[in-house]
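First the structure, in the form of structure tokens, and then the observations on it.
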Amino acid sequence: MSELPQHVAIIMDGNGRWAMERGLARVQGHQSGVESIRSIVRAAGELGIKYLTLYAFSTENWGRPQDEVGFLMNLLSNYLDKELAEITKNNIQFRMIGRLDDLPAEIQSKIRRNLKATEANTGMVLTLALSYSSRIEIVDAVKKIAEKVKSGELAAQDITPDVFSRYLYTAELPDPDLLIRTSGEMRISNFLLWQLSYTEIYVTEKLWPDFRKDDLLKAIQEYQTRERRFGRHPVRSKN
Ligand code: FPP
Numbered sequence: 013m014s015e016l017p018q019h020v021a022i023i024m025d026g027n028g029r030w031a032m033e034r035g036l037a038r039v040q041g042h043q044s045g046v047e048s049i050r051s052i053v054r055a056a057g058e059l060g061i062k063y064l065t066l067y068a069f070s071t072e073n074w075g076r077p078q079d080e081v082g083f084l085m086n087l088l089s090n091y092l093d094k095e096l097a098e099i100t101k102n103n104i105q106f107r108m109i110g111r112l113d114d115l116p117a118e119i120q121s122k123i124r125r126n127l128k129a130t131e132a133n134t135g136m137v138l139t140l141a142l143s144y145s146s147r148i149e150i151v152d153a154v155k156k157i158a159e160k161v162k163s164g165e166l167a168a169q170d171i172t173p174d175v176f177s178r179y180l181y182t183a184e185l186p187d188p189d190l191l192i193r194t195s196g197e198m199r200i201s202n203f204l205l206w207q208l209s210y211t212e213i214y215v216t217e218k219l220w221p222d223f224r225k226d227d228l229l230k231a232i233q234e235y236q237t238r239e240r241r242f243g244r245h246p247v248r249s250k251n
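First residue of the sequence shown? That's 13 in our numbering, and the numbers climb one at a time after it.
Structure follows, in structure tokens:
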């Protein structure tokens with residue numbers, strides 16, 4: 013397949029609506045959403061995507077009713093247990109971005125275990141955004157940079173976009189080539205604001221629990237028709 017995006021990021025939206033449409037409780041939408049995660053992680057790995065980043069829980073999501081937050085944390089906890097074998101078998105490297113310290117202690121230790129267990133893997137890098145806020149990520153980076161400038165380790169005039177990027181949670185990830193958002197909303201929702209500067213955006217009406225390999229392929233095919241210019245003129249052939 014030509015011009016496969018190296019890094020695909022996904023805003024997994026529409027779990028609640030999927031459940032409501034079926035007369036189910038919202039949390040059942042999240043439950044089904046985990047099946048989509050499994051299917052897309054497998055498909056992306058098979059396709060040869062190098063980096064897959066999933067927006068699983070935002071800092072704003074802490075404001076949802078306690079029952080729903082508890083349910084999501086349970087799903088996450090089970091996912092971290094159950095998927096480790098599959099992730100290991102498929103040579104996937106597990107990562108997370110966001111505020112690890114905000115998460116329940118039990119989940120923190122499961123995340124640390126999964127990070128350690130998969131750190132030597134050389135296949136796809138699967139990153140979960142958990143308790144993630146792009147604005148907080150940027151402010152955290154500014155704080156770290158300010159400390160370095162204060163201590164004299166970094167000169168203000170040496171702060172370039174490249175240097176700044178190294179202070180973000182995503183320091184070791186390339187910027188996403190393709191952002192997919194399910195459920196039709198045309199929003200970035202505080203996700204990777206810096207990193208998405210030149211990313212191609214694909215929005216589908218499909219709700220996340222219905223999103224499967226075919227939908228991922230459609231998004232990639234659409235991506236392959238886009239002309240990426242990075243603010244420059246289109247590349248023209250010499251003839
Ligand atoms: C949005 O649905 C989705 C989320 C809140 C996050 C996605 C979470 C999962 C797929 C499951 C848990 C994650 C892991 C990693 C086990 P919504 O409730 O905002 O949908 P709505 O907009 O239709 O209400």
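For glycine and all other residues, C-beta sits at the position ideal for the given N, C-alpha and C.
Distance between residue j and residue i (C-alpha atoms, nearest Å)
i	j	result
S89	F242	39 Å
K225	I150	33 Å
A37	L87	15 Å
K101	T139	17 Å
I171	Y63	27 Å
I99	S48	15 Å
Burial state of residue i, where buried means 16 or more other Cβ atoms lie within 10 Å
i	result
S249	Unreliable placement is indicated for S249, whose pLDDT of 43 sits below 50; the coordinate value is still reported in the next sentence. With fewer than 16 Cβ atoms within 10 Å of its Cβ, S249 is classed as exposed.
G41	buried
K94	exposed
T237	exposed
P116	exposed
N126	buried
P221	buried
D227	buried
beta-carbon residue i near the ligand FPP non-hydrogen atom, thresh 7 Å
i	result
N102	no
G45	yes
W220	yes
L140	yes
R38	yes
L190	no
Three-pair Cβ contact test at 8 Å for the region 145 to 162 versus the region 189 to 205: yes
The region 39 to 56 / the region 209 to 217 touching (three or more Cβ pairs under 8 Å): no
Contact the region 182 to 191 vs the region 17 to 26: 3+ CB pairs below 8 Å: yes
Three-pair Cβ contact test at 8 Å for the region 75 to 85 versus the region 52 to 61: no
Contiguous alpha helix (DSSP H) assignments of at least 4 residues, all confined to the region 81 to 147: 117 to 130
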